[in-house]
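Working notes, structure below.
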Amino acid sequence: MKGGMIAGAGRILLLCATLLAPAAARAEALACGAPPELLEASAALPATARAASAGSLRILVVGSASVLGPGTSGPPAAWPARLEARIRARVPRLKLEVVTRGARGLTTAETEAIIEAELHQGPPPNLVLWQAGTAEAVRGLDVDEMVTALNAGLSKVVAAGADAILMDQQFSRFIRANANVDAYRDALRLAAAAHGVPVLRRWDLMRFWADNDLIDIERAGRTERVAVTDRLNDCLAQAMQALIRDGVAEARGRPTPR
Amino acid sequence: MRQLIRGLQHGPGGQGGRDLRADAFRGLALWFILIDHIPGNRLGGLTLRNIALCDATEAFVLLAGYAAGIAYGAALDRRGWTFAAAVLIRRVSTLYVAHIFLFVVFTAQVGYSAAALESSAYLDELHLDVFGEQPYLALLQALLLRFQPAFLDILPLYIVLLLLLVPALALLRRPAVLMAVSALLYFVVRLLNLNLPNWTGGGWFFNPLAWQVLFFTGCLLGYARPRGGRRGPVPAVPFHPLLATAAGVALLIGMAIVFVNDYGEAWLAEAPPRLAELLTTIDKTGLHPFRLISILAMAYLVGHAVPRDAGWLRSRAASPFVLMGQHGLPVFCAGIFLAFLGRLALEMDDRWPMQLLVNLAGLGALVLVGVIGAWYRLRERGEAPRHAPASAADPLRPPVPSTTTMS
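Quick note, the sequences are listed as chains E and X, same order.
For the first sequence, my numbering assigns the number 351 to the initial residue and increments by one for each residue that follows.
For the second sequence, my numbering assigns the number 113 to the initial residue and increments by one for each residue that follows.
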């Protein structure tokens, strides 16, 4: 995979060998032991596949606080930065640009406005990674307003010829006990399905990691909290990478690597 | 346990006797509400919401309306509007105090969870702790019912519904007018997207201005107009094969929608975009018409499938649920409180022994509350249970004297 494959077809092969790397064992090792079914895209990412074939990929990451990696050792440890680093390491030839926009406590309607602005200024992204729903769930805001914003935003992304992946709420026993999070999770999942958009099921992933004592921020001691949060962000980046890879493989009509 | 049940001794079948069906199904709804209020509870996969486009909340509100129609309707007929309204207001005060108590419990729980788990990072990130940030304002807003933490949204709904019933009582004897006004309000509220305001943003999780249509439907189904000084027959939507078929089809469609939502993501992606988007917008907040149709269809079919004198209603197995339904308010409040404890327990450990413990203890405690409520009631009367016709049909047991003492 380091050979002189420079032609377009060569790039596709390159991507297949790297971004789309096969074998379940590989996927497991990649996403910190996450169950393979959580890394399935369930929908194709045609725009991403085209852009990757053409050798240049623009990713827009939008969300509330968690795209900024709160609690990590610093901005390079946040999951969007880790995702960028991981894709770069795997596909050095790809001209990759990752733009991250977000702020603490943004609602879905607010992040939707950011997406719309980004779609219309400068070169539009090929792939939008949209983390949403946490602010609504935690503050008990209207489920239907969140759904309306998701429907509007996803329609715009699709209309602009880009792909989207939603990311749902982070798992936390505290949130589960103190917020009606399931209502928002279900609504988000449903909106994604209605638009044929994959969801990175962060809740299920983090719950799996917590249940299996792999990564559990809430049970981490104060001294190791930063290290655990770094690891969480890196694992989320790996899961996102696996999901993108699966969606690209789906778009290319190849059997999904599993 | 069975001798504590009101209306059991009346014997089966008697028109005007207590409708044990309403009690039994309300008991079941109260249990489902407890289960559904504990996220992470495995039993949550077995409740009504998994097979129908409505859940225990809809059932609870419809049956609450039914009970209110019986109890306050009887008070209206016997003592007039002023007295019935006063009784209603007293009931609302009780509910309000109960809600504020549960709010205090909830606030304490948030604090406890935050301390027990290493979650200060979450609190900080998520602004979950509005109470910690602005305690005085939060308290004020809670008193105004403008601040409703998660899972504390059903009692405020119920409070407003009962308040709406105060003027609506006057229309109880004109069902067509009441229904028309109620339906009109429902459609206007849905069209204009009106809701009561919520301090933390948005509106109430359960919009009372929309949900009233279900409540008043229940009221009208429960209210029996007096005929010649006696309580008349309870109005019922007569059985008709076409209507039953339509109800069955509605429930099947609802079930299909629920299954598509739960398991049919791949199918949904292939579905026409407009249909798929429509499915995402079936909201619970404003009681989407699909949900309203589902609960009404279900009530219609169940009401005709289960006769008033069905033997199982008087069986040993059903008696815990009948008792729970007959003492709805304390059982409901205890359920919300137990849900707090259940969530704390599952926070610590959500493997199956704890799941089993939480659910057994939860149901046991609910039944116990029902038993204690019934026991008090008997002792207060200082008499053995005997049959009380007419009025005794209010599962939430508002403080209306029964007809045995009034007539």
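Beta carbons are placed, not taken as given, at the ideal position from N, Cα and C, and that holds for glycine.
To which residues of the same chain is E:Q471 closer than 6 Å at the C-beta, ignoring the five residues directly before and after it?
For E:Q471, where only same-chain residues beyond five positions count, there are no Cβ hits under 6 Å.
Q. Taking the alpha-carbon positions, what's the X:Y208 to X:F259 distance?
A. Each residue's alpha carbon lies about 13 Å from the other.
Please list, in chain order, all residues of the same chain as X:V289 whose beta carbon is under 6 Å from its beta carbon, the five residues on each side excluded. Correct list, in chain order: L283.
Report the start-end ranges of each alpha helix (DSSP H) in the region 472-525 of chain E that is 4 residues or longer and not cut off at the edges. Taking only runs of at least 4 residues, the alpha helix (DSSP H) segments lying wholly in the region 472-525 of chain E are 484-489, 493-509.
* Asked: Exposed or buried, which one is X:Y248 when buried takes at least 16 other CB atoms within 10 Å?
  -> Classification of X:Y248: exposed, given that the 10 Å Cβ count is below 16.
Chain E contact for X:F524 (CB, 9 Å cutoff)
With chain X represented from 113 up to 519, any question about residue 524 of chain X goes unanswered, as that position is not in the structure.
Query - Contact list for E:L392 against chain X, beta-carbon separation under 7 Å - result: First, the residue type needs correcting, since residue 392 of chain E is Ser and not Leu in the sequence shown. The contacting residues are E377, A378.
### Task
Would you mind telling me which residues of chain E sit closer than 7 Å to X:S225, beta carbon to beta carbon, in chain order?
Those are F524, A527, N528, listed as they occur along chain E.
**Request:** Flag E:A542 as yes if its beta-carbon sits less than 9 Å from any beta-carbon of chain X, otherwise no.
**Result:** True, the Cβ-Cβ gap to chain X drops below 9 Å.
Practice problem: Check whether the region 389-400 of chain E touches the region 592-601 of chain E, taking contact to mean three or more Cβ pairs, one atom from each stretch, closer than 8 Å. | Solution: The region 389-400 of chain E, when compared against the region 592-601 of chain E, does touch it at the 8 Å Cβ threshold.
What is the DSSP secondary structure of X:L120, counted as helix, strand or coil?
Residue state, collapsed to three classes: coil.
Residues near X:D462 by beta carbon distance below 8 Å, same chain, minus five either side: Hits under 8 Å: G152.
* Asked: What three-state label does DSSP hand E:V449 in the structure shown?
  -> E:V449 sits in a strand when the DSSP states are folded into three classes.
Out of curiosity, what's the CA-to-CA distance linking E:I465 and E:N476?
Their Cα atoms are separated by approximately 12 Å.
_Helix, strand or coil, according to DSSP, for E:L407 in the structure here?_
Strand, per DSSP.
Open item on the list: Counting only Cβ-Cβ distances shorter than 8 Å, please list the residues of the region 392-416 of chain X near chain E, keeping chain order.
Closed with: Those would be T392, T393, D395, K396, T397, G398, in chain order.
- Item | Own chain, CB closer than 8 Å to E:A581, minus 5 neighbours either side, in chain order | Here residue 581 of chain E is Arg; the residue named in the question, Ala, does not match the sequence. Cβ within range, chain order: C382, I565.
What residue ranges within the region 297-378 of chain X form continuous alpha helix (DSSP H) runs of no fewer than 4 residues, ordered along the chain? 320-334, 353-375, all fully within the region 297-378 of chain X.
By the DSSP assignment, the alpha helix (DSSP H) with X:A383 in it spans what residues?
Annotation: X:A383 is outside any alpha helix (DSSP H) and is labelled neither H nor E by DSSP.
Review point. Can you round the beta-carbon distance between X:L274 and X:A180 to whole angstroms, since I take them to be within the 8 Å contact cut?
Key: Right, the Cβ-Cβ distance comes to about 7 Å (below 8 Å), so this counts as a contact.
Exercise for review: Kindly indicate which three-state DSSP category X:L399 falls into: helix, strand or coil?
Suggested key: Note: X:L399 maps to coil in three-state DSSP.
Check your understanding: Does the beta-carbon distance from X:G437 to X:G474 come in below 9 Å?
Key -> 9 Å or more divides the Cβ of X:G437 from the Cβ of X:G474.
Q.
Using a Cβ-Cβ cutoff of 7 Å, what residues of the region 430-461 of chain X are near chain E? List them in chain order.
A. Those would be R455, L456, E459, in chain order.
Requested in this report: Work out the CA separation of X:V199 and X:G192 for me, nearest whole Å.
Outcome: Pairing X:G192 with X:V199, the inter-Cα distance amounts to about 11 Å.
Under a three-way DSSP split, which group does E:G424 fall into?
In the three-state reduction of the DSSP assignment, E:G424 falls in the coil class, being assigned neither a helical nor a strand state.
- Task: Rounded to whole angstroms, what's the CA-CA distance from X:M291 to E:V488? Just pull it up for me.
- Result: Approximately 37 Å between the Cα atoms of the pair.
Review point. What residues of chain E sit near X:E389, judged by a beta carbon separation below 7 Å?
Key: Against chain E, the beta carbon of X:E389 has neighbours under 7 Å at N501, A544, listed in chain order.
query: In chain X, what lies closer than 8 Å to E:I581 by C-beta?
result: According to the sequence provided, residue 581 of chain E is Arg. The question's Ile does not apply to it. E:R581 does not reach chain X, its nearest Cβ partner there being about 15 Å away, counting only Cβ pairs nearer than 8 Å.
Check: Going straight from the alpha carbon of E:P548 to that of X:A381, what length do you get?
Finding: Spanning the two alpha carbons is a distance of roughly 10 Å.
Query raised in the report: Would you say X:Q115 faces chain E, with C-beta separation under 9 Å as the test?
Result: Judged by the 9 Å Cβ criterion, X:Q115 is not in contact with chain E.
* Establish whether the CB of X:V242 and some CB of chain E are separated by less than 9 Å. => The beta-carbon of X:V242 is placed less than 9 Å from the nearest beta-carbon of chain E.
Check your understanding: Residues bridged to E:L550 by DSSP?
Key -> According to DSSP, which records beta bridges pairwise, E:L550 is partnered with E:M517.
Identity of the residues DSSP links to E:V412 by a beta bridge = Assignment of beta-bridge partners to E:V412 by DSSP yields E:R451, E:W480.
Query - Buried or exposed (CB count within 10 angstroms, at least 16 for buried), X:R286 - result: X:R286 is exposed by the Cβ-count criterion.
Margin query: If I follow the unbroken alpha helix (DSSP H) through E:E466, where does it start and stop?
Written below: Unbroken alpha helix (DSSP H) run through E:E466: 458-470.
- Residue nearest to X:I405 in terms of C-alpha spacing, selected from X:W379, X:D374, X:L326: If you compare the alpha carbons of X:W379, X:D374, X:L326 with that of X:I405, the shortest gap goes to X:L326.
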